[in-house]
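Residue numbers (the working numbering), protein chains in the order written: chain L, 305 to 648; chain Z, 305 to 648.
Protein chains: 2
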Amino acid sequence: MSKDPSHTAKNRRHSDQITLTQVAKSAGVSPITASRALNNPAKVSDTTRRNVLAAVERLGYVPNLVAGSLASSRSKLIAVIVPSLINSVFVEVIKGLQETLEAEGYQILLGNTDYDLDREYQLVRTFLGWSCSALVTAGLRHNKACHKLLANWDHPIMEVMELGKGMDLNVGLDHVAAGRCMASHLVDKGYRDIVYVGARLAQDYRASMRYEGHKAVLQAHGIDAPIVELDTLGSLKAGSESLDLVFAQHPKTKAIHFANDDLAAGALLAAQRRGLNVPNDIAIAGFNGLPLGQHVTPQLTTILSPREEMGRLAAKELIRRLSGKNVYRRQHDVGFKLQLGEST
Amino acid sequence: MSKDPSHTAKNRRHSDQITLTQVAKSAGVSPITASRALNNPAKVSDTTRRNVLAAVERLGYVPNLVAGSLASSRSKLIAVIVPSLINSVFVEVIKGLQETLEAEGYQILLGNTDYDLDREYQLVRTFLGWSCSALVTAGLRHNKACHKLLANWDHPIMEVMELGKGMDLNVGLDHVAAGRCMASHLVDKGYRDIVYVGARLAQDYRASMRYEGHKAVLQAHGIDAPIVELDTLGSLKAGSESLDLVFAQHPKTKAIHFANDDLAAGALLAAQRRGLNVPNDIAIAGFNGLPLGQHVTPQLTTILSPREEMGRLAAKELIRRLSGKNVYRRQHDVGFKLQLGEST
DNA sequence: CGCTGTCATGATAGCGCTATCATTCTTTTT
DNA sequence: AAAAAGAATGATAGCGCTATCATGACAGCG
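Written out as structure tokens, the structure is:
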């Protein structure tokens, strides 16, 4: 099983790869018929199809998808661009996409922007070069060049995570409303000294949309809406460290509305370590509804976002569009749900 | 920004896509020179390069990577096949791969087998059809057809996660040794009634390799090594539910060696909810060193596996190989580390 | 001054597949 | 029975790019 390191030095003229032409010859048909037998079985007779499939087996033929894509100028590839792989939220969306798309024979070309819109542009350029059938990207915000590129692209574009008027298709939820929802809950519970804690809000702008909702509710009640921004991305560790920061800046804080469950759970566990009672000494709320939050004691109050569902729905809509069906609703609100725990 | 749903009905003869030939014409050079200016800048004069790049900008040219791959029979694609996306362990490996490969201009083609080796074979077939430059797959076990296909493939193959003699390159850790390590720790701590708890061990065979190590140590001490297998994949929920199961089957259990941290943390949190003292009533150990385990109280005793590091190292080795350098060490042991918490 | 070597560029010929149109043969329709 | 429609197959011509070999220009060298 030893490998020759000089892969690159292959003589293109003597490729040992089995081609469709060889399969066709072996099956006694023309290449184009063999192609049809594989890609459009309904177009050939049963006998032919069987012969071709037998030849494929016999020769161990592996279709060259690159050649097929070039000839047909479409590919069974779908580009998926996310801002982060650390954040399990995006991974769950990918999972939903993956399972639905793979079942339809599509492959995922994965890109990670690290919350950098210029990086997103580069990835989009590359992916368009692969003649992807469609592109899925997280968020409605893109840089100018990217926007222009996508606007002129004649394939479906699916923007996920947040809800709004996008380039083309959209599946997401209303983050401002989610922020309002949690803030209302806290206010209703009687909390007045409420701090919002987020991480890198310029990047994670959906978290700042939730803050907008949060602030609006608090202000409507005549309450201040202080915010503490962390410099590291959301994680248990950051959440745990944020407690000190919050109390240093806002000593009277009675409730913390965290931008996500990782932060919230980190803070909750940290609070317990230092003997604070949650929610009596400090109430804690999160966002996302990660399993973790449901397993800590007290159970975390959070907002459940249907992430895998979002991926699945996005994939289904794409498939509908790709199979030529008209798609009427271009925006899909997957909603969210307030998950009451004992942490507030 | 409205999209025409009839994407498929495009007239191939009148593609509006800018081609390299147009760029070349606009720059006043031949197509092949334009190609060189973009892919092999050192091969053309400074003036030419500038002219071509200017034309690219001017026309908004996006290279057709499909055509390029067909002509050169190689692509800047790397196939990555993992058994699961729910398990954050694989995602972290992907992340390590991703950041290293993307920096070198490679794209990741992602496949998920759901722990099904036949599915893996299908994915490999598809990915080979894309003329990927290399393939990364989790694990050393493949079905027969897959093995044959890969053995005849003349590109680098990287098998990650576990250590052993594989098809080609290998980066991983010794799971049997990891199992031994944790078992030794538990025995040294004085525990004798130790249960190993895993989930779907036929699928997650690395977990059963750890059990082998675990069992060997216990037997060497003349101790029984009972095992409890769960029917659901590892998760906090499964871990939490496993407690009852363990005590029902082995009432005297004093320590549980979980196959992973999700299970262990779930059990630990569940134990706390029901007022059990960890580790006095029940000791709990995990595997992976997820952040979660480091933030619960008591901190989880676990084995730290360098997952992102594994991805990065695998990517680096692949890049070395792809850039024509000889790779001497074909196996890389990334090791593991016993992380002592207060849960044992 | 011819000889070799290097550099920059170009002409040609595919890579392996499928869109398109053409052909043959069979079936259905009037 | 002739015409029209359909079913199955094939010949041709690319898809947009790059490997390969060829060319011309110019430097260094004995």
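C-beta atoms are modelled at their ideal positions from N, C-alpha and C, and glycine is treated no differently.
Are the stretch 452-462 of chain L and the stretch 487-499 of chain L touching by the rule of at least three beta carbon pairs closer than 8 Å? no
Which residue marks the beginning of the alpha helix (DSSP H) containing PHE551 (chain L), and which one marks its end? It spans 540-553 - the alpha helix (DSSP H) in which PHE551 (chain L) sits, taken as one unbroken run.
Which residue marks the beginning of the beta strand (DSSP E) containing TYR425 (chain Z), and which one marks its end? Note, TYR425 (chain Z): premise wrong, no beta strand (DSSP E); alpha helix (DSSP H) at 421-433.
Chain L residues whose Cβ lies nearer than 7 Å to that of LEU389 (chain Z): VAL395, ILE398, LYS399, GLN402
For the alpha helix (DSSP H) containing GLN576 (chain L), name the first residue and the last one. 565-577
Using a Cβ cut-off of 8 Å (strictly closer), state whether GLU406 (chain Z) contacts chain L. yes
Under the DSSP definition of a beta bridge, which residues are partnered with MET462 (chain L)? Looking at the DSSP assignment, MET462 (chain L) forms a beta bridge with L:VAL440, L:LEU473.
Please report the distance separating the alpha-carbon of ASP320 (chain L) from that of HIS599 (chain L). 56 Å
So if DSSP puts ASP585 (chain Z) in a beta bridge, which residue, or which two residues, is it bridged to? Beta-bridge pairing links ASP585 (chain Z) to no other residue.
Taking all protein chains shown into account, do 16 or more other C-beta atoms lie within 10 angstroms of the C-beta of ARG298 (chain L), making it buried, or fewer, making it exposed? The displayed coordinates of chain L run from 305 to 648. Any statement about residue 298 (chain L) would go beyond what the structure contains.
Residues of chain L with CB under 7 Å from ALA371 (chain Z), in chain order? LEU374
Keeping to the same chain, check which residues put their C-beta closer than 6 Å to that of THR323 (chain Z); ignore five residues upstream and five downstream. none
Is any beta-carbon of chain Z found at less than 8 Å from that of GLN576 (chain L)? yes
Report the neighbours of ARG429 (chain Z) on chain L: residues whose CB is nearer than 8 Å to its CB, in chain order. VAL366
Rounded to whole angstroms, what's the CA-CA distance from ILE412 (chain Z) to LEU414 (chain L)? Just pull it up for me. 6 Å
How is GLU396 (chain Z) classed by DSSP in three states: helix, strand or coil? Looking at GLU396 (chain Z) - three-state DSSP - the assignment turns out to be helix.
Short check: CB of LEU421 (chain L) to CB of ASN391 (chain L), under 8 Å? With respect to ASN391 (chain L), LEU421 (chain L) sits apart: the two C-beta atoms are not nearer than 8 Å.
Over what stretch of residues does the alpha helix (DSSP H) that includes TYR509 (chain Z) continue unbroken? 509-524
Would you give the residue range spanned by the alpha helix (DSSP H) that GLN598 (chain Z) belongs to? In the DSSP annotation of this structure, the continuous segment of the alpha helix (DSSP H) that includes GLN598 (chain Z) starts and ends at 595-599.
Do we get a CB-CB distance below 8 Å when we pair LEU413 (chain Z) with the residues of chain L? At least one chain L Cβ lies under 8 Å of LEU413 (chain Z).
HIS451 (chain Z): CB within 7 Å of a non-hydrogen atom of the ligand FAD: Looking for the ligand FAD in the displayed structure turns up nothing, as the structure carries no ligands at all.
Exposed or buried, ASN584 (chain Z), counting other C-beta atoms within 10 Å across all chains shown (16 or more means buried)? exposed
Checking the sheet assignment: what are the DSSP bridge partners for TYR365 (chain L)? Answer is none; TYR365 (chain L) lacks a bridge partner.
Mind checking which residues open and close the alpha helix (DSSP H) that includes GLY332 (chain Z)? In this chain, GLY332 (chain Z) is not harboured by any alpha helix (DSSP H), its DSSP state being neither H nor E.
DSSP beta-bridge partners for GLY502 (chain Z)? Z:GLU533
In whole angstroms, what separates the C-alpha of THR430 (chain Z) from that of LEU369 (chain L)? Answer to the nearest angstrom: the Cα atoms are 8 Å apart.
Mind checking which residues open and close the alpha helix (DSSP H) that includes ALA487 (chain L)? Membership of ALA487 (chain L) in the alpha helix (DSSP H) is indicated by the continuous run 479-492.
Hey, how far is the Cα of LYS347 (chain L) from the Cα of GLN635 (chain L)? 37 Å
With a 10 Å radius around its C-beta and 16 neighbouring C-beta atoms as the bar for buried, classify TYR419 (chain Z) as buried or exposed. By the neighbour-count definition (other C-beta atoms within 10 Å, threshold 16), TYR419 (chain Z) is a buried residue.
Any idea what DSSP makes of GLY639 (chain Z), helix, strand or coil? Of the three classes helix, strand and coil, the one that applies to GLY639 (chain Z) here is coil, per DSSP.
What in chain L is Cβ-close to HIS599 (chain Z), meaning under 7 Å? LEU540, SER544, GLY570, LEU573
For a cutoff of 8 Å on Cβ pairs, would you count MET305 (chain L) as touching chain Z? Because MET305 (chain L) carries a pLDDT of 37, less than 50, the predicted location of this residue cannot be relied on, and no value is offered for it.
Proximity test, Cβ basis, 8 Å: LEU439 (chain L) and chain Z: no
Comparing the C-beta of TYR410 (chain Z) with each C-beta of chain L, is any distance below 8 Å? no
Check whether the stretch 463-472 of chain L touches the stretch 431-450 of chain L, counting contact only when three or more Cβ pairs, one atom from each stretch, lie closer than 8 Å. Under the Cβ criterion (8 Å, minimum of three pairs), the stretch 463-472 of chain L counts as touching the stretch 431-450 of chain L.
Nearest by alpha-carbon distance to SER539 (chain L): which of L:ILE560, L:GLY570, L:GLN643, L:LEU617 is it? L:GLY570
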